[in-house]
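All remarks here apply to the structure that follows.
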Amino acid sequence: MKRKTMLRLTAVYAFILLSILLISVSFLLHKMKQISAPPQNSTEYIYIYVSEEMSDRDAHTESDTEASGWIMKEYRGRIGIFSTDGVLLQELDTYVKTLPEADRKLLGEGIYIETRTKLNALIEDYTE
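In this text, residue positions in the sequence shown follow this note's numbering: the first is 1004, and each later residue adds one.
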């Protein structure tokens, strides 16, 4: 083969390979955009397991805290339930970083809860 023919063939092969490479990269970038942006109207489920065991240091009776209420706030990256005098009563297995920004802000400041019913409702909201 002549040298010019070899150069032309090499140029054609290089063009074909470059085209395949560009198409592949374009396809991958398109797929990455689809993965990074969740579809509209999608529902996301987060499963959280709650330990119902309370340690000896958490052994307060309901009547001790019932009268004054509770405070729910972030504790070691999770949700902690405290008496109003600051004693940890229960730590939920819910990680605060998995919650929406508004909830993270509220838990950062602390949520005062007056009744057992409201406390149970909040625990259910944050653990389901």
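Think of the CB as a built atom: it goes at the ideal place given N, C-alpha and C, for glycine as much as any other residue.
query	result
Residue span of the beta strand (DSSP E) that contains GLY1083, given as start and end	1081-1086
Simplified DSSP state of LYS1108, which is helix, strand or coil	helix
9 Å Cβ cutoff met for TYR1129 and LEU1102	yes
Three-way DSSP call (helix, strand, coil) for LYS1007 in this model	helix
Cβ neighbours of GLY1080 in the same chain (closer than 8 Å, five flanking residues each side left out)	TYR1098, VAL1099, LYS1100
GLU1094 beta carbon less than 9 Å from that of GLY1083	yes
Reference PHE1085; option with closest CA among ILE1126, ALA1105, LYS1108	ILE1126
Under 9 Å between C-beta atoms of GLU1077 and ARG1107	yes
Residue closest to GLY1089, alpha-carbon to alpha-carbon, out of LEU1025, LEU1109, GLY1113	GLY1113
Element boundaries [beta strand (DSSP E), containing LEU1095]	1091-1098
Start and end residues, alpha helix (DSSP H) containing GLU1117	Counting along the chain, GLU1117 falls outside any alpha helix (DSSP H), and DSSP gives it neither H nor E.
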